[in-house]
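First comes the structure, then the notes that go with it.
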Amino acid sequence: MFSSVPPIYFLIVSAVIFAIGAMGVLVRRNAIVIFMCIEMMLSAVNLTLITASHYLNSLDGVLMVFFVMTVAAAEAAVGLAIFVLLFRGRRTIKVDEINLLKW
Amino acid sequence: MIELVWLIPLFPAIGFLFNGLIGRWFNLDKRIVSWVACAALGLSFLFSILVFFALLKIAPEARDAVPDKVLFDWIVSGDLKTVIGYKVDPLSIIMALVVSGVSFFIHIYSVGYMHDDPGVTRYFAFLNLFVFMMLTLVLANNFLLMFVGWEGVGLCSYLLIGFWFDRDAPANAGKKAFVVNRVGDFGFLLAMFLIFAHLGTLEFNGVFAGAHSLDVVTVTLITLLLFVGATGKSAQIPLYVWLPDAMEGPTPVSSLIHAATMVTSGVYMIARCNILYSMAPVSMAVVAIFGAATAIFAASMGLLQFDIKRVLAYSTISQLGYMFLAVGVGAFSAGIFHLMTHAFFKGLLFLGAGSVMHAMSGELDMRKMGGIWKRIPITFWTFLLATLAIAGIPGFAGFFSKDEILWQTFNSGHRYLWLIGAAAAGMTAFYMFRLVFVTFFGRCRASEEVQHHIHESPPVMTVPLIVLACLSVIGGYVGIPHILGGRNIFHEFLQPVLGGHPEATGHATFSLVKPAFASEGAAMGNGINMELLLMGASVAIALIGIGIAFYLYIRKPEVPKRLGERFKTLYTIVFNKYYVDEIYDACFVKSTKRLGTFFWREFDDGVIDRSVNMVAKLMLWLGGVLRRIQTGRVQGYALGIILGAVVIIIFLMR
């Protein structure tokens, strides 16, 4: 079934999702939304890897995807914990208001 | 036995290490320290004597061909191969005997003289090191090892002049000696480079065997540069200025280093290179002229000094001038002869001066002495014997050696240099007897307290005086000239090394210098009366000098002051040593200091330090500008990351 679809479609979809995610990271202020956008970007990358893996008949890409998912899960755990603590302390999770680490 | 020559410098080295390391660390009793130092020198002297007698057993012709005792390779790099090796021939063994012998007696004297000094361990360690370096210098079989000894004795000289470094004057005198010597060493180094560049070796045997292949210009340059080295070490014009100041050191040091041994190393070096010098008549003339000039110049400066040791210092410079005059006119063995007798009587004079200081509670100014000869009889009589020897009174060592120099000078055709030498001899007799008369005779001018303390030195100091006094008397009898019915054994002994080198003198086309030995045969025939006449003349000059001193300082002690007032300008100039120190200070020292200050302020501070500071300031400024990028807004950073990634991707896809 897949074999009839050319890989370029998958890649285009992946690129579009990635771009949407990147855009979200840059323009949204809510940290949780930014976080979701990052997850989108990771998923887009996963899609690319799986596509490549499939069409190249290699398991390397699939292997990579597992790592990405593991990292994403760990990141979600740590990141959300940070947001909770941040909110407790500053009553906000808007990134443009959290700019203490500067010159 | 000759094989054991390496033991001669070894013992002082062991003494130095023992005293310098163990003695200092464990704070050994000074009796042990001084005993070790003296024993090291005694053994060294003993082996010098043994080697000397072993050498005597060899036939005279073969004595200069004794194979060098090579211990091991030292520096092997490309074409350069240097060894630690010792050369035994009549010249080096004479030097080793003089150095180790005189050093031995001066070490014993030091035990008494330095008795109360807290730095006695350091003193003996340095003194042992000095003897080690000096023996290395005279026994080395190549120029480089000789240079090690040359620099080593310079270092020890610096250390011992500045022995009492907590006072300013000795510390400065040490620095002055070191810096002035450095000027001379520069010449020595250049000469070594030239020799190596032209002959490819630095070993004496190789250099002298290959010397005939050098052209006259090269040889002249080499020998002149070597002479520059000798003027520094042996305190000749123009580099003599350090020696009078060197008298700030302990008196036995002045005696050993700055009278008997180290300062004569320049003469030894020129005698060692006699083959090179014979090939370069111009250099010979330069050496002779500088020697004669130094002899009279320094003698005239000694006329009016009041500090005992300074009079002796100028006298040393003057006598060194004689030695250079001798080697300059080609009478190498006469120069070495005078070197030896001078080591005896000048060493003795300094030790005597030390004994006088000991008696006078450290006083050096002879105006505050007088009338003490009965109180310190041994010191006085030995001092008098040495004075008679240096004044050239017949029968004493100095007469034979000084007269041989003057005769050889005259005989080789340098009438004017002879005249200068004879005048200097008269001055020598005058200032030495002035010293004796003012110090020992007349009314005592010391304070009551000092007078009360006047006492003869202990035997440990007087025995070396007596031994050296004997040597000052009999030392000359090894070189009785033919004219007085002697055989001049000394000259014969040195013949294999310093005697005629007809093949080398063939180069001597320059007419100013005719090597003395070349014309000696002719002189024997028709010059006998002339030689006796000159001998009589120089004795007469010496006696006149003594007579004037007697008249001025015993009969009419008020006359010198009147004369001083009559010729005030001359007196002031001579009394202030012709203002040479001041002239040097104005010409060289000040300008060098100014140059140094200029480089310090303008180049070091202005360029190097400033450029470093500029870089630091630039970085500071750059940091101040660039830190504005760190806004604290994570989205800005994210934009940067993405843009960067895009740029990289574009770059990769291009």
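Chains as they are written, first to last, in our numbering: chain A, 1 to 103; chain B, 1001 to 1654.
All C-beta atoms in this analysis are idealised placements derived from N, C-alpha and C, irrespective of residue type, glycine included.
Proximity of residue i and residue j at Cβ, strictly below 8 Å
| i | j | result |
| --- | --- | --- |
| residue 1477 (chain B) | residue 1251 (chain B) | no |
| residue 1142 (chain B) | residue 1498 (chain B) | no |
| residue 1253 (chain B) | residue 1124 (chain B) | no |
| residue 1002 (chain B) | residue 1066 (chain B) | yes |
| residue 1038 (chain B) | residue 1107 (chain B) | yes |
| residue 1241 (chain B) | residue 1029 (chain B) | no |
| residue 1100 (chain B) | residue 1034 (chain B) | no |
| residue 1390 (chain B) | residue 1428 (chain B) | yes |
| residue 1265 (chain B) | residue 1315 (chain B) | no |
| residue 1228 (chain B) | residue 1187 (chain B) | yes |
| residue 83 (chain A) | residue 31 (chain A) | yes |
| residue 1128 (chain B) | residue 1260 (chain B) | no |
| residue 1388 (chain B) | residue 1396 (chain B) | yes |
| residue 1327 (chain B) | residue 1271 (chain B) | yes |
| residue 24 (chain A) | residue 34 (chain A) | yes |
| residue 1361 (chain B) | residue 1453 (chain B) | yes |
| residue 1494 (chain B) | residue 1436 (chain B) | no |
| residue 1402 (chain B) | residue 1392 (chain B) | yes |
| residue 103 (chain A) | residue 1633 (chain B) | no |
| residue 1321 (chain B) | residue 1431 (chain B) | no |
Coil, strand or helix - residue i by DSSP
| i | result |
| --- | --- |
| residue 57 (chain A) | coil |
| residue 1032 (chain B) | helix |
| residue 1441 (chain B) | coil |
| residue 1227 (chain B) | helix |
| residue 1048 (chain B) | helix |
| residue 22 (chain A) | helix |
| residue 1671 (chain B) | The question about residue 1671 (chain B) has no answer, for chain B in this structure spans 1001 to 1654. |
| residue 1350 (chain B) | helix |
| residue 1087 (chain B) | coil |
| residue 1507 (chain B) | For residue 1507 (chain B), the predicted model reports a pLDDT of 33, less than 50, meaning its position is unreliable and no value from the coordinates is stated. |
| residue 1604 (chain B) | helix |
| residue 1164 (chain B) | coil |
| residue 1140 (chain B) | strand |
| residue 103 (chain A) | coil |
| residue 1365 (chain B) | strand |
| residue 1488 (chain B) | coil |
| residue 1412 (chain B) | coil |
| residue 1373 (chain B) | coil |
| residue 1080 (chain B) | strand |
| residue 1274 (chain B) | helix |
C-beta neighbour in chain A for residue i, strict 8 Å
| i | result |
| --- | --- |
| residue 1616 (chain B) | no |
| residue 1648 (chain B) | no |
| residue 1642 (chain B) | yes |
Cα-Cα separation between residue i and residue j, rounded to whole angstroms
| i | j | result |
| --- | --- | --- |
| residue 50 (chain A) | residue 1636 (chain B) | 31 Å |
| residue 1020 (chain B) | residue 1151 (chain B) | 19 Å |
| residue 1050 (chain B) | residue 1064 (chain B) | 17 Å |
| residue 1122 (chain B) | residue 1600 (chain B) | 35 Å |
| residue 1104 (chain B) | residue 1465 (chain B) | 12 Å |
| residue 12 (chain A) | residue 1652 (chain B) | 20 Å |
| residue 1308 (chain B) | residue 1565 (chain B) | 23 Å |
| residue 1268 (chain B) | residue 1074 (chain B) | 24 Å |
| residue 1210 (chain B) | residue 1575 (chain B) | 49 Å |
| residue 1340 (chain B) | residue 1295 (chain B) | 17 Å |
| residue 1515 (chain B) | residue 1568 (chain B) | At residue 1515 (chain B) the pLDDT is 42, less than 50, meaning the model places this residue with poor confidence; the figure from the coordinates comes in the next sentence. So the alpha carbons of these two residues sit roughly 43 Å apart. |
| residue 1357 (chain B) | residue 1455 (chain B) | 11 Å |
| residue 1584 (chain B) | residue 1236 (chain B) | 15 Å |
| residue 1160 (chain B) | residue 1423 (chain B) | 34 Å |
| residue 1589 (chain B) | residue 1529 (chain B) | 51 Å |
| residue 1379 (chain B) | residue 1463 (chain B) | 10 Å |
| residue 1334 (chain B) | residue 1325 (chain B) | 10 Å |
Cβ of residue i within 8 Å of any chain B Cβ
| i | result |
| --- | --- |
| residue 101 (chain A) | yes |
| residue 45 (chain A) | no |
| residue 60 (chain A) | no |
| residue 95 (chain A) | yes |
Selection of the stretch 19-41 of chain A by Cβ proximity to chain B, strictly under 7 Å = 22, 25 and 26
Looking at chain A, which residues of the stretch 1623-1640 of chain B have a Cβ within less than 7 Å of any of its Cβ atoms?
-> 1627, 1628, 1630, 1631, 1632, 1633, 1634, 1635, 1638 and 1639
Selection of the stretch 72-87 of chain A by Cβ proximity to chain B, strictly under 7 Å = none
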